[in-house]
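Take the working numbering: the last position of the sequence shown gets the number 351, and nothing is skipped along the way.
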Amino acid sequence: QSNLPKEFSEKYLITKKIGAGVCGEVKLAFERATCKKVAVKTINKKDFPASLGTATRNAEREIQILKKIDHPCLIKTEDFFQTDDSYYIVLELMEGGELFDRVKSKNQIEESIAKLYFYQMLKAVEYLHNNGIIHRDLKPENVLLSSQDDICVIKITDFNQSKILEESALMRTLCGTPTYLAPEVFTDAVTVGYSSAVDAWSLGVVLFVCLAGYPPFHPNAQTGLSVRDQITQGIYTFIPSKWDGISDDAKDVVKRLLLVDPNARLTIEEALHHPWLMDEAMKETAECIMYPRDSGDAAEADAAEADASTTKRSREDDDDE
Ligand SMILES: C/C(=N\NC(=N)NO)c1ccc(NC(=O)Nc2ccc(/C(C)=N/N/C(N)=N/O)cc2)cc1
31 QSNLPKEFSE KYLITKKIGA GVCGEVKLAF ERATCKKVAV KTINKKDFPA
81 SLGTATRNAE REIQILKKID HPCLIKTEDF FQTDDSYYIV LELMEGGELF
131 DRVKSKNQIE ESIAKLYFYQ MLKAVEYLHN NGIIHRDLKP ENVLLSSQDD
181 ICVIKITDFN QSKILEESAL MRTLCGTPTY LAPEVFTDAV TVGYSSAVDA
231 WSLGVVLFVC LAGYPPFHPN AQTGLSVRDQ ITQGIYTFIP SKWDGISDDA
281 KDVVKRLLLV DPNARLTIEE ALHHPWLMDE AMKETAECIM YPRDSGDAAE
331 ADAAEADAST TKRSREDDDD E
């Protein structure tokens, strides 16, 4: 137990390490008052001595984002603590662990399950983009599963790389008439910079890995190209043995997300309207697990239904007499 803040260790009992990240680890903890299991993500500030300022600013921004977001497929945080060398984020425990480990253990995820997870990821990222947030680090390690079952809620986590789209002077300039505007203002990296399309690309890679069990861009690809060149040239292979059993619609979504030109790439909105996602049964399942009617409402609704059917039956009996 490194030097945990006193009020933290009074409230939580930290037990074992359950996940490890680049800038910190995830531990299983119990809230002493309720014995409820939680996850605690530790973010070490000292790991970035050079850019201590950045790490602190990043963590502050991440905590600001974590407090603001509210969606069934985005991680919920319960508490925050910090010492001079670490941040402690207390989160809901996602019993199913990370999608990364699920894909590794299953090798390939069954197409209908991959579609259910992908639909939830799209809804979560749609919410982020509608709230001016770009995640920028979507990967299977940052997609958590709510249970060991295949059919479960997924939640996106780790907003360490996220950007909040603020109204900028440049954005205001670009809204005005560009009569006197120099060309480089339009083409300058800052203008073209990160857009929400980066998240669509990443989701394409995540979907590819879920369906095929191997990443589209990887070091020992037969291309002899570096991973960076494979990505910038959009060169990847659908290995037949892995993709033969997978539908053409699924392949088409991947192809349209892994387009190098961000303007040609599917947006999250467009992906949600792709034929592969026009699957009412899947959407019904997703809505049901994302927005469970709590037992009270459900019992009430069932009672009302039962009541209605008895009334109907008694009317029929009357008719029979
Ligand atoms: C149930 C279980 N394991 N079960 C077991 N018995 N394992 O032995 C389990 C549960 C959850 C996880 N992962 C998990 O919760 N990750 C995670 C990753 C990142 C972040 C955040 C906020 N990051 N923010 C930053 N700045 N990052 O750098 C939060 C959570 C792993 C295993």
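Idealized CB from N, CA, C, for every residue including glycine.
Problem - Limits of the beta strand (DSSP E) - the one that N74 falls within - result: Here residue 74 refers to the residue found at position 44 of the sequence shown. Unbroken beta strand (DSSP E) run through N74: 66 to 74.
Practice task
Please work out which residues of its chain come closer than 7 angstroms, Cβ to Cβ, to P249, disregarding the five sequence neighbours upstream and downstream, and give them in chain order.
Solution key: Counting from one through the sequence shown, the residue named residue 249 turns up at place 219. Only V257 meet the Cβ criterion.
Handout entry: Among A144, K272, I269, P245, the one whose alpha carbon lies nearest that of Q260
Key = Indexing the sequence shown from 1 puts residue 260 at position 230. Closest option to Q260, Cα to Cα, is P245.
Handout entry: Alpha carbon of F238 to alpha carbon of E335, nearest angstrom
Key = Locating residue 238 in the sequence shown gives position 208, where the first residue counts as 1. Locating residue 335 in the sequence shown gives position 305, where the first residue counts as 1. Between the C-alpha atoms of F238 and E335 there is a straight-line separation of about 43 angstroms.
Practice task
Grab the span of the alpha helix (DSSP H) containing Y149 for me, first residue to last.
Solution key: Here the question's residue 149 lines up with position 119 in the sequence shown. Counting along the chain, the alpha helix (DSSP H) containing Y149 begins and ends at 141 to 160.
Practice task
Taking 8 angstroms as the cut-off, decide whether the C-beta atoms of I164 and S226 are in contact.
Solution key: In the sequence shown, residue 164 corresponds to position 134, counting from 1. In the sequence shown, residue 226 corresponds to position 196, counting from 1. Yes. Within cutoff.
Exercise for the section: Pull up the distance between the alpha-carbon of K71 and that of P208, whole angstroms please. Expected result: The sequence position of residue 71 within the sequence shown is 41, counting from 1. The sequence position of residue 208 within the sequence shown is 178, counting from 1. Their Cα atoms are separated by approximately 47 angstroms.
Handout entry: Counted within 10 angstroms of its Cβ, other Cβ atoms place L47 as buried (16 or more) or exposed
Key = Taking the first residue of the sequence shown as 1, we reach residue 47 at position 17. Per the sequence shown, residue 47 should be read as Lys rather than Leu. By the 10 Å Cβ count, K47 comes out exposed.
Practice task
Go ahead and pull the three-state DSSP assignment for D179.
Solution key: Your numbering for residue 179 matches position 149 in the sequence shown. In this structure, D179 counts as coil in the three-state DSSP scheme.
Handout entry: Of the listed residues I265, E214, L43, C240, nearest to F130 (C-alpha basis)
Key = As a working mapping, residue 130 is identified with position 100 in the sequence shown. Ranking I265, E214, L43, C240 by Cα distance to F130 puts C240 first.
Problem - Neighbourhood of T262 by C-beta distance below 8 angstroms, restricted to the same chain and skipping five residues each side - result: Start at 1 with the first residue of the sequence shown, and residue 262 comes out as number 232. Cβ within range, chain order: V290.
Exercise for the section: With a floor of 3 residues, list each beta strand (DSSP E) that falls wholly inside the segment 227 to 265, ordered by position along the chain. Expected result: none
Practice task
Given a cut-off of 8 angstroms, decide if I184 and M151 are closer than it, judged by their beta-carbon atoms.
Solution key: Within the sequence shown, the letter at position 121 stands for residue 151. Within the sequence shown, the letter at position 154 stands for residue 184. Yes, Cβ-Cβ distance for M151 and I184 is below 8 angstroms.
Problem - Sheet register partners of L296 (DSSP bridge) - result: If you number the sequence shown from 1, residue 296 lands on position 266. Answer by DSSP bridge pairing: none, since L296 is not bridged.
Problem - Residue burial classification, F216 (beta-carbon count within 10 angstroms, cutoff 16) - result: The residue given as residue 216 occupies position 186 in the sequence shown. Result: exposed.
Handout entry: beta-carbon M124 near ligand 1 non-hydrogen atom, thresh 7 angstroms
Key = For the purposes of this step, residue 124 is identified with residue 94 of the sequence shown, where counting begins at 1. Because some heavy atom of ligand 1 lies under 7 angstroms away, the Cβ of M124 counts as near it: yes.
Practice task
Verify whether the separation of the beta carbon atoms of L121 and V68 is less than 8 angstroms.
Solution key: For the purposes of this step, residue 121 is identified with residue 91 of the sequence shown, where counting begins at 1. For the purposes of this step, residue 68 is identified with residue 38 of the sequence shown, where counting begins at 1. In this structure, V68 lies closer than 8 angstroms to L121 by Cβ.
Problem - Proximity test, G51 beta-carbon vs ligand 1 heavy atom, cut-off 7 angstroms - result: Here residue 51 refers to the residue found at position 21 of the sequence shown. Yes, Cβ of G51 sits closer than 7 angstroms to a heavy atom of ligand 1.
Handout entry: Range of the contiguous alpha helix (DSSP H) that encloses T45
Key = On the sequence shown, position 15 is the one that residue 45 refers to. It is not in any alpha helix (DSSP H) - T45 instead sits in the beta strand (DSSP E) that spans 42 to 51.
Practice task
Go through the segment 94 to 138 residue by residue and report every complete run of the beta strand (DSSP E) that reaches 3 residues or more, in order.
Solution key: 107 to 112, 116 to 122
Exercise for the section: Tell me, please, which residues DSSP counts as bridged to E55. Expected result: The residue given as residue 55 occupies position 25 in the sequence shown. Looking at the DSSP assignment, E55 forms a beta bridge with A50, T72.
Exercise for the section: Can you have a look at S192 and say buried or exposed, based on whether 16 or more other CB atoms are within 10 angstroms of its CB? Expected result: As a first step, residue 192 must be located in the sequence shown, where it is residue number 162. It is buried - the Cβ of S192 has at least 16 other Cβ atoms within 10 Å.
Exercise for the section: Say yes only if the C-beta of A333 is nearer than 7 angstroms to one or more non-hydrogen atoms of ligand 1, and no if none qualify. Expected result: The sequence position of residue 333 within the sequence shown is 303, counting from 1. For ligand 1, not one heavy atom lies less than 7 angstroms from the Cβ of A333.
Exercise for the section: Please determine if the segment 195 to 207 and the segment 104 to 112 are in contact, where contact requires at least 3 C-beta pairs separated by less than 8 angstroms. Expected result: no
Problem - Cα-Cα separation between H159 and N190, rounded to whole angstroms - result: Counting from 1 along the sequence shown, the entry for residue 159 is found at position 129. Counting from 1 along the sequence shown, the entry for residue 190 is found at position 160. Spanning the two alpha carbons is a distance of roughly 16 angstroms.
Practice task
Closer than 8 angstroms by C-beta to E351: which residues in its own chain qualify, once you throw out the five before and the five after it? Chain order, please.
Solution key: As a working note, residue 351 is residue 321 in the sequence shown. Unreliable placement is indicated for E351, whose pLDDT of 44 sits below 50; the coordinate value is still reported in the next sentence. Result list for E351: empty, nothing under 8 angstroms.
Problem - N172: CB within 7 angstroms of a non-hydrogen atom of ligand 1 - result: Counting from 1 along the sequence shown, the entry for residue 172 is found at position 142. Checking every heavy atom of ligand 1 against the Cβ of N172, one is found closer than 7 angstroms.
Practice task
Find out if the Cβ-Cβ distance for the pair T45, L34 is shorter than 8 angstroms.
Solution key: Position 15 of the sequence shown holds residue 45. Position 4 of the sequence shown holds residue 34. Result no, Cβ atoms of T45 and L34 do not sit closer than 8 angstroms.
Practice task
For S277, I'd like the list of residues in its chain whose CB is within less than 8 angstroms of its CB, leaving aside the five on either flank, ordered along the chain.
Solution key: Mapped onto the sequence shown, residue 277 falls at position 247. Result list for S277: E141, W306, in chain order.
Practice task
Report back the beta-carbon spacing between L24 and A301 to the nearest angstrom; my notes put them in contact at under 8 angstroms.
Solution key: Since the first residue of the chain shown is 31 and the last is 351, residue 24 is not available in this structure.
Problem - Beta-carbon gap between G12 and Q112 smaller than 8 angstroms - result: Since the first residue of the chain shown is 31 and the last is 351, residue 12 is not available in this structure.
Practice task
Look at the alpha carbon of W273 and the alpha carbon of T187, and state the distance between them as a whole number of angstroms.
Solution key: Counting from 1 along the sequence shown, the entry for residue 273 is found at position 243. Counting from 1 along the sequence shown, the entry for residue 187 is found at position 157. Each residue's Cα considered, the two are about 29 angstroms apart.
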